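In this note's numbering, the protein residues as written are 623 to 920. See below for the structure under consideration.
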Amino acid sequence: MKTLPYLIARNCKLFFKDKGMFLSSLIAPLILLFLFVAFLGDVYRDSLASVLQGAELPDRLVEGFAGGWLMSSLLAVCTVTIAFTANMIMVNDRVTGAFSDLTIAPVSRSMLALAYYLSTVLVTLAVCCFALIVGYVYLAIVGWYLTAADVFFTLLDTVLLVLFGTALSSIICKFIKTQGGIAAVSTIVSASYGFLCGAYMPISSLAKGIQYVISFLPGTYGTVLLHDHFMGGAIEAMESEGIAAEYREGLRDGFDCNFYFFDHAVPEWAGYLVLALTIALLVGAYVLLCMRKPRKKK
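As structure tokens, this is what we get:
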């Protein structure tokens, strides 16, 4: 157990020492937030107005609702995409031969795998917590409707999604042996994951067949949990503005605060259960892959 903290510290230092990698991962959430606010904010405000059929709401409540969607979508994407960037350390070790040097030392492959996983979790969590703080500040400016429970659950959702994203990226990066390969995979994930997990567009607005496919993806449940905890307070605050319960429930359905698996409502505890089981399975599969000894070349 004395070796594990040294290995974790080594991997974290290598990540933060690479200024380009660190700054790009740190700036990425801010760029996404700017793009969301600049180009998609009006879309969500118009969608809110269409659901409420022109009912007048205070600007702060509208901005708080739209900001909740923006921040939940941002974190749903960053928890996975940043994990791929942080896992470049593992790929670089194989490219430079550092991994072979580490295996010569009296350190088991499972220990090395655990060190890579935990260091990636710490790095990704640090960047996502920075994005979360920026999001809290943004919501405090435009419209804060989060309760203490909402803040706690948004933190919990972020941690679980970081564990999920790290496990997923670790398995994929295990089969990548070049820096160009990890760069290509990171680009593909960054471009597609937001659509696959329902972060960029409400799942309810997609075709039924696509909704059924997305409902099998574990990351979707994390996105739904974030949507619910970031926007639930704003939706409940609409009651004091005279918005009827059926319209508030329509907002929850239309903006994925409620999620349905083949037309069956998915309770909140089921979303957490799906995430927890998926994380356990992915981490177990990753450790088994790393424990397997490579075949010797003839």
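Glycine included, C-beta positions come from ideal geometry on N, C-alpha and C. Computed from a prediction, not measured in an experiment: that's the story for all the values here.
Original post:
Is A735 helix, strand or coil by DSSP?
Top reply: For the purposes of this step, residue 735 is taken as residue 113 along the sequence shown, with counting starting at 1. It is helical.
**OP:** Please list, in chain order, all residues of the same chain as C634 whose beta carbon is under 8 angstroms from its beta carbon, the five residues on each side excluded.
**Re:** Numbered from its first residue, the sequence shown carries residue 634 at position 12. Result list for C634: S741, L744, V745, in chain order.
Original post:
With DSSP run on the structure shown, which of helix, strand or coil describes A887?
Top reply: For the purposes of this step, residue 887 is taken as residue 265 along the sequence shown, with counting starting at 1. DSSP places A887 in the strand class (E or B) of the three-state scheme.
Original post:
Taking the Cβ atom as the reference point for each residue, do V673 and L848 lie within a distance shorter than 8 angstroms?
Top reply: As a working note, residue 673 is residue 51 in the sequence shown. As a working note, residue 848 is residue 226 in the sequence shown. 8 angstroms or more divides the Cβ of V673 from the Cβ of L848.
Subject >> Cα-Cα separation between S647 and I704, rounded to whole angstroms >> reply: On the sequence shown, residue 647 is found 25 positions in, with the first residue counted as 1. On the sequence shown, residue 704 is found 82 positions in, with the first residue counted as 1. Rounded to the nearest angstrom, the gap between the Cα atoms of S647 and I704 is 6 angstroms.
Subject >> Per-residue DSSP class, three states only, for Y822 >> reply: Here the question's residue 822 lines up with position 200 in the sequence shown. Y822 falls in the coil class under three-state DSSP.
Original post:
How is Y882 classed by DSSP in three states: helix, strand or coil?
Top reply: Indexing the sequence shown from 1 puts residue 882 at position 260. Strand.
Original post:
Where D640 and G719 are concerned, what is the direct C-alpha to C-alpha distance, given to the nearest angstrom?
Top reply: In the sequence shown, counting from the first residue as 1, residue 640 sits at position 18. In the sequence shown, counting from the first residue as 1, residue 719 sits at position 97. Going by the C-alpha atoms only, they are around 18 angstroms apart.
Original post:
On the three-pair Cβ rule with 8 angstroms, is the stretch 748–758 touching the stretch 837–848?
Top reply: Short answer: they don't touch.
Subject >> Beta-carbon contacts of M733 that lie in its chain and below 8 angstroms, excluding the five residues immediately before and after >> reply: In the sequence shown, the residue the question calls residue 733 occupies position 111. Within the same chain, Cβ atoms closer than 8 angstroms to the Cβ of M733 are found at T625, L626, L629, the five residues on either side in sequence being excluded.
Original post:
So what's P728 in DSSP terms, helix, strand or just coil?
Top reply: Within the sequence shown, the letter at position 106 stands for residue 728. The answer is coil: DSSP assigns P728 none of H, G, I, E or B.
Subject >> Pair within 8 angstroms by beta-carbon distance, H711 and F786 >> reply: As a working note, residue 711 is residue 89 in the sequence shown. As a working note, residue 786 is residue 164 in the sequence shown. Contrary to the premise, residue 711 reads as Ile rather than His in this sequence. Against a cut-off of 8 angstroms, the Cβ pair of F786 and I711 comes out as no contact.
Subject >> Same chain, Cβ closer than 8 angstroms to E890, five either side skipped, listed in chain order >> reply: Here the question's residue 890 lines up with position 268 in the sequence shown. Excluding residues within five positions, the ones whose Cβ falls inside 8 angstroms are L847, D850.
Original post:
So what does DSSP say about L696, is it helix, strand or coil?
Top reply: For the purposes of this step, residue 696 is taken as residue 74 along the sequence shown, with counting starting at 1. Note: L696 maps to helix in three-state DSSP.
**OP:** Can you give me the start and stop residues for the alpha helix (DSSP H) that I836 sits inside?
**Re:** Start at 1 with the first residue of the sequence shown, and residue 836 comes out as number 214. Element bounds for I836: 830–836.
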